Structure formats: C-alpha cells, structure tokens
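Worksheet: the structure to be examined is printed underneath.
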C-alpha cells in the first residue's frame, strides 16, 4: 500500500480531456446543422454555406476533415443575400488528397 498522492497536473489533464469531449459534440453538430450541404450529382463536390464569416472560419477545420474522410472536394462559403455568387475571399476549398 502506498501513500503517494496523485500529482496536481493529473487531475487537470482529466478535466481538460472531459471538457474537450463535451465540446466536440456540439462543434460537429453545429457544422452539419448550421451549414446545410448541397452535392452535385455529376461531380464529387459538397457545398456548405454559412450565414456569417466567423462560422465559415470556425468550421474550416471540419471542412478539411470532411474532404479527407469522404474523399470529395468541400467548398465552404458565406451566404451573401445581395450577390448571386460569393466574393473570392468568402470561399474556402478543401481537396480530398492527403
């Protein structure tokens, strides 16, 4: 039997891991719910359109992951109600290759 106390950093690691796991679900859910997807039948491209630029930036890493996991090109853009198509700075494109 030992009388060693757990190290102070071990409990912080557990709390950090639990916090990351609890925020991962809403992050992935928000990616799919806030950005409805449209796929083209002739080419493997998925389009996601978000209302605000901050959402496009925040969900960029999941767009990259979706492109890699699904093996198709993912295009994320801002929704602009005044223009028919988004401006060049409002588009992120992710390719499927590693």
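Numbering (my numbering), first residue to last: 47 to 144. All C-beta atoms, glycine included, are put in the ideal place defined by N, C-alpha and C. As the structure is a prediction and not an experimental result, all values here were calculated from the model.
- Ranked by Cα distance from residue 73, the first of 144, 113, 142 and 102 is 102.
- Between the alpha carbons of residue 92 and residue 50 lies a gap of roughly 54 Å.
- Within the DSSP bridge table, the entry for residue 137 names 123 as partners.
- For residue 97, the CB contacts under 6 Å within the same chain, skipping 5 residues up- and downstream, are 125 in chain order.
- Linking residue 143 to residue 61 through their CA atoms gives a straight-line distance of about 35 Å.
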